[in-house]
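Throughout the sequence shown, residue numbering follows UniProt numbering, covering 1 to 192 in sequence.
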Amino acid sequence: LKQQFLRGLVKKATQPWKPSGSLQRAMAHVARELLKRELVQLMKDESSGFSVGLEDDSDFFKWRVVFEGPPDSLYEGGIFSAVLSFPPDFPNNPPEMRFETEMWHPNIYPDGRVCISILHPPGTDRFNEQETADERWRPILGVHSILISVISMLVDPNLNSPANIDAAVNMKNDPDGWKKRVRQLTRKSVEG
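The following block contains the structure:
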């Protein structure tokens, strides 16, 4: 009987912790209030190269982000729309960003999902030893940090950890062809 009891304790101790329903609601409330504050602050920033708003006025967990193509980049002059989806336990875990504008970029999956370190969950990744825990999401970071990182990614793609292998190979093996395709998509982003 004692061994059975101890096995039960060990089994419980090794299972991941899941917050209760009331704790989940409290965490979501804290996340919503934090997101409200960040949204108001970011909406006031007119010099950033992006604008933010809610997808639906009643849902603070889904934002519309519109990026202006960064100056002196292949994306200059373009308008790129993305959706930023926040988990209910934000800021403990990062949001997911997905471009809705067609993109040809090594760090953007073909379906538009953005793959950069700051959007990866906290901790280390045993499958990606190049990425340190300091590069990944941490709760002290804010949405502004994510948006600036995405702009930086547009200017300076990371070929060491591509999400879109075809775009990475194209950029490496045929830089002129890659640039031409990016410029075409940049023009398309403003022409509709």
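From the three backbone atoms N, C-alpha and C, an ideal C-beta is built for every residue, glycine too.
- For Met103, the secondary structure class from DSSP, reduced to helix, strand or coil, is coil.
- Unbroken alpha helix (DSSP H) runs of no fewer than 4 residues, entirely contained in the segment 113–175, are found at 143–155, 165–173, following chain order.
- Here DSSP, grouped into helix, strand and coil, assigns Gly53 to strand.
- If you draw a straight line from the Cα of Lys44 to the Cα of Phe61, it is about 19 Å long.
- Classified as buried, Pro91 has 16 or more neighbouring CB atoms from the shown chains inside 10 Å of its CB.
- Bounds of the beta strand (DSSP E) holding Ser81 are 79–85.
- Secondary structure of Glu76 (DSSP, three-state): coil.
- DSSP places Glu46 outside both helix and strand once states are collapsed to three, so it counts as coil.
- Nearest to Asp134 by alpha-carbon distance, out of His144, Pro121, Val143, is Pro121.
- The criterion of a C-beta distance shorter than 8 Å is not satisfied by Leu185 and Glu68.
- The alpha-carbon separation between Val52 and Leu34 amounts to approximately 15 Å.
- When beta bridges are read from the DSSP output, Arg64 appears opposite Gly53, Val83.
- Within the same chain, Gly78, Ile79, Phe80, Thr101 come within 7 Å of Ser189 by CB-CB distance, once the 5 residues on both sides are set aside.
- With fewer than 16 other CB atoms across the displayed protein chains lying within 10 angstroms of its CB, His29 is exposed.
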